[in-house]
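All you need for the working numbering is the position in the sequence shown, starting with 1, plus 19.
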Amino acid sequence: MILWGDKYGVDTVNRLVAAVSQHATRQPRFVLLTDRARPGLDERVTPRPIPEVWLQPEMLGGGCQAKLCMFDPGVVPEDLPAVYLDLDTVILGDVGKAIGFLKSGGLMLLQSAVLPFGPLGRLAYRLTGGKRYARGNSSVVVYHPAECGYIAARFQELKRDHPTHGYPPMRADERFMSWAAQAVAAAVPASFAVKLPTEYMSRIAVLGYLWAVLPWVRARRRGLVAVTLCGMTVKPEVLLALPENGRLTDRHGRTLIWSDAVLGHVKRAIVAFYGPAQPRG
20 MILWGDKYGV DTVNRLVAAV SQHATRQPRF VLLTDRARPG LDERVTPRPI PEVWLQPEML
80 GGGCQAKLCM FDPGVVPEDL PAVYLDLDTV ILGDVGKAIG FLKSGGLMLL QSAVLPFGPL
140 GRLAYRLTGG KRYARGNSSV VVYHPAECGY IAARFQELKR DHPTHGYPPM RADERFMSWA
200 AQAVAAAVPA SFAVKLPTEY MSRIAVLGYL WAVLPWVRAR RRGLVAVTLC GMTVKPEVLL
260 ALPENGRLTD RHGRTLIWSD AVLGHVKRAI VAFYGPAQPR G
């Protein structure tokens, strides 16, 4: 987990820790990378400082380049593989299962672009000299800290020549992860984790009902371990304020129907996860 600034408080971190712990078959080690001391943090969490080099103002904006600190050698303990989770993540199962998907030297992200990770993405990367490549979303990242230090090192090397992140892969943390690790990057299975907007929102609202009744979609969704609420219009306080069958449309024109028929057990999980307390910010 990573936390800087004042958008979230320790209550958000503690809630995520409690949920992960509740569903774990083997108790994990929790690490929070943070810009300062966080009084009230769950005692199971080990806070570790984000190095100052990652806390420059230009890295704390919408591109979230500061998240790349997770790859800086020594910042995260290097004796075990790690699963990074955004704080806006609803936990439905055992997060530790993700480690079983990781190959030696690999990096896993949520698939976010049409061009998939794997042979096609690597071919596009080679043919275009790195201008086109498969891209992922960094709301969930699976990696081994001892094997991915090159990602942070490469970013800092490029930053000397591109201090304002003008080089396209540097524009966002997830772009850079995908670009720098393209040779070994893979997608986190959609049966394990999804983004709420990608999985449950559509420009054609009726499709939400259609996907929800397809047997293979229902089966896959029943096994989900994590659903991330990335995107400002799908933050928990917005969702919880919706009436049954209420609709929410994001800036991309995708609509979410806040309904048991569309969301199934995920709706109940969101209410249970965020109902007792709301994130600050």
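Virtual Cβ for every residue (Gly too), placed ideally from N, Cα, C.
Please state the DSSP three-state secondary structure of residue i.
i	result
R299	Unreliable placement is indicated for R299, whose pLDDT of 38 sits below 50; no coordinate value is reported for it.
Y228	helix
G112	coil
L106	coil
W277	strand
K214	strand
A132	coil
M220	coil
A123	A quick correction: the sequence has Ser, not Ala, at residue 123. DSSP places S123 in coil when its eight states are reduced to three.
A202	coil
Y144	helix
G155	strand
G160	The residue asked about is misnamed: residue 160 is Val in this sequence, not Gly. Three-state DSSP puts V160 in a strand.
A171	helix
A117	helix
So residue i and residue j are supposed to be a Cβ contact under 8 Å. How far apart are they, rounded?
i	j	result
W198	Y152	6 Å
M89	I21	7 Å
V207	V257	Not confirmed; about 25 Å, so no contact.
V236	L215	About 15 Å; that fails the 8 Å criterion.
L104	L35	7 Å
Should residue i be labelled buried (16 or more other beta-carbon atoms within 10 Å of its own) or exposed?
i	result
E218	buried
A291	exposed
Y2	This structure gives no information on residue 2, because the portion of the chain shown stretches from 20 to 300.
P58	exposed
A280	exposed
N264	exposed
W23	buried
P255	buried
G155	buried
G119	exposed
Q46	exposed
V133	exposed
Per DSSP, which residues does residue i bridge with? Please list them.
i	result
L74	Note: L74 sits in no beta bridge, so no partner.
N312	The displayed coordinates of the chain run from 20 to 300. Any statement about residue 312 would go beyond what the structure contains.
R266	I276
T53	L22 and P68
T247	T108 and K214
A101	Y162
State yes or no: is the C-beta of residue i nearer than 6 Å to some heavy atom of the ligand HEM?
i	result
P188	Among the components modelled here there is no ligand, and therefore nothing to report on the ligand HEM.
Between the segment 162 to 176 and the segment 108 to 116, do at least 3 Cβ pairs fall closer than 8 Å? no
Touch check for the segment 52 to 59 and the segment 68 to 82: three-plus C-beta pairs under 8 Å? yes
Is the segment 208 to 226 in contact with the segment 181 to 200, if contact means three or more CB pairs nearer than 8 Å? Verdict: no, contact absent.
Between the segment 281 to 289 and the segment 234 to 250, do three or more beta carbon pairs fall short of 8 Å? yes
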